[in-house]
Every structure is written in structure tokens, then in C-alpha cells.
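Asks: Note that numbering that gives the first Met the number 0 numbers the sequence shown so that position 43 is 42, with each residue one more than the last.
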Amino acid sequence: MKKIDRNKDGLINGVDYVYTEDGLIDWRKMVKSEHLVPNKDRTSETDVTKLKDYQLIILLGGIKELAQIRGYTDVTYDVVSPSSDYVVATCTISWKPNYETEGEVVVFSAIGDASPNNTNSFARNFLGPIAENRAFVRCVRNFLKINIVGKEELGGADAPSTTNTSSTTADTTIDPRSILLSVMQEKGVSFEKVKAKLLKEDYEGAEDLSSLDDVPKLKAFELIKRLKNIKKS
0 MKKIDRNKDG LINGVDYVYT EDGLIDWRKM VKSEHLVPNK DRTSETDVTK
50 LKDYQLIILL GGIKELAQIR GYTDVTYDVV SPSSDYVVAT CTISWKPNYE
100 TEGEVVVFSA IGDASPNNTN SFARNFLGPI AENRAFVRCV RNFLKINIVG
150 KEELGGADAP STTNTSSTTA DTTIDPRSIL LSVMQEKGVS FEKVKAKLLK
200 EDYEGAEDLS SLDDVPKLKA FELIKRLKNI KKS
């Protein structure tokens, strides 16, 4: 396997980077046109070079290529299944330090979900892998500030291939806080108990929580997993 050589700025030697006016890497412009296709729901144009970002779809190969160029040391998944037909995955990527992060390692997370409402019928047998793939793509896109929707984020996702794919659809995503409430009721845990626990753990912003609506979605998924592992009080 060929070793990837990076310079003191964390950049790969021999790669032609594109920069913004601020001197940061323009990751959007680093996407090769071969990894872009028209969004047929938004345009009839077939030449991707003539389309705006909202008219484009980025393919998985482009996401993977960007992640490799940017550089990462670890990718982990935390998967929960609040119900038999709903799977939520959190993808966490540890990105290698470069000059953009002032030489610091950055850990970034994103969420992907899968249910019968946002996958094709055949793919419903693969909700776990689909949720993981969606979380991966979203994590890479959001960290690198790529505002082009991923192919796997369009809903009605196909069953995943042997390579990772990804997707999440805003209008079909179930609010995890409603699931959290259901689990709390099932376990006999009140909001006050949850808040007290978060305060004890020094969770940032815990003192400002007045209801479950104030709990960030990512934290809600974590709480769902924790609560499902305890016995009913």
C-alpha cells in the first residue's frame, strides 16, 4: 500500500488544493465533476458544470475521496434502535490535524437514520447499515462544509452495497425527543431526574433545560440508549 505523505501543514504532497480568499481549503471545489450528477427533481440539465449546488447530487465516491484527502485516524458508529423499524446511527470521525485546525485533532459527529418511511421496500431489511452510511456521509459533508446533498440523503435509499453509503431526509426524520419521552415513560423516569443527572455530569447547558424540547438531538439519542439499558424504576 502506498504511503500518503503529508507536509507540515497536514496536506498531501502532490495534491492540487483549491483555496478560498481566506486561505482555507475550498473543499467544495475539490469535488471532481465525475462524482457529481444532476438532481433530476430540480433540473433537466445534464451538464453538471452548468448547475448550482442545490441542483447537484454528490456520489459516495466523492465523499470518500474527500475524506481520504482531508485525512482521518478513526471512524466509529453508535447505533440505537428506539423501535423495531427505526434505526439511528451516530458517526464520529477523528480528523487529522492540519493548518486549518491549527494543528489540533478535531472530532466531529453527525446523525443518520433509517426507517420504512425513508428507504425503499427492499432496503428495509438493511436499516442498520443504511443509518450508518447516512451518518458517515453527513459527517463528512458537514465537517468539510459541502452544501451538495449526498445521493444517499435523498430518501427512498437503496440497500447499501459493500461500500458505505449514507442518507437522511429532513421531512421523514422522526424527532428523537418524542422517542426519548416514550422511553422515559416506559422506564418511569421523569424529566427532572434526567436534568438532575445531566447537572451531576456537568453537561454543558443542563441548567438551562426546561423541557425535552431543549435537549439537542444528538444528546437525545445518547439518553435513549442509556435509558433503554436501565431497569424500570
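In this text, a Cβ means the ideal position worked out from N, Cα and C, and glycines have one as well.
List in chain order: all unbroken alpha helix (DSSP H) runs of 4+ residues lying wholly within the stretch 35-86.
Replies: Listed in chain order, the complete alpha helix (DSSP H) runs (minimum 4 residues) inside the stretch 35-86 are 59-69.
Asks: If you measure between the beta carbons of ASN124 and GLU151, is that distance less than 8 angstroms?
Replies: no
Asks: Start and end of the alpha helix (DSSP H) containing PHE125?
Replies: Neither: PHE125 is in no alpha helix (DSSP H) and is coded neither H nor E.
Asks: So the beta strand (DSSP E) ILE110 belongs to, where does it begin and stop?
Replies: 105-113
Asks: What do you get for TYR18, buried or exposed, if any count of 16 or more other CB atoms within 10 angstroms of its CB means buried?
Replies: exposed
Asks: From what residue to what residue does the alpha helix (DSSP H) around VAL193 run?
Replies: 190-199
Asks: Taking the continuous alpha helix (DSSP H) assigned at LYS218, which residues delimit it?
Replies: 216-227
Asks: For SER189, does the count of other Cβ atoms within 10 angstroms reach 16, so buried, or fall short, so exposed?
Replies: With fewer than 16 Cβ atoms within 10 Å of its Cβ, SER189 is classed as exposed.
Asks: At the level of alpha carbons, what is the spacing between VAL182 and ILE3?
Replies: 46 angstroms
Asks: So what does DSSP say about TYR18, is it helix, strand or coil?
Replies: strand
Asks: To which residues of the same chain is VAL79 closer than 7 angstroms at the C-beta, ignoring the five residues directly before and after it?
Replies: The answer, listed in chain order, is VAL87, PHE220, ILE223 and LYS224.
Asks: Could you tell me whether the Cβ atoms of ILE56 and VAL148 are closer together than 8 angstroms?
Replies: Going by C-beta atoms, ILE56 is nearer than 8 angstroms to VAL148.
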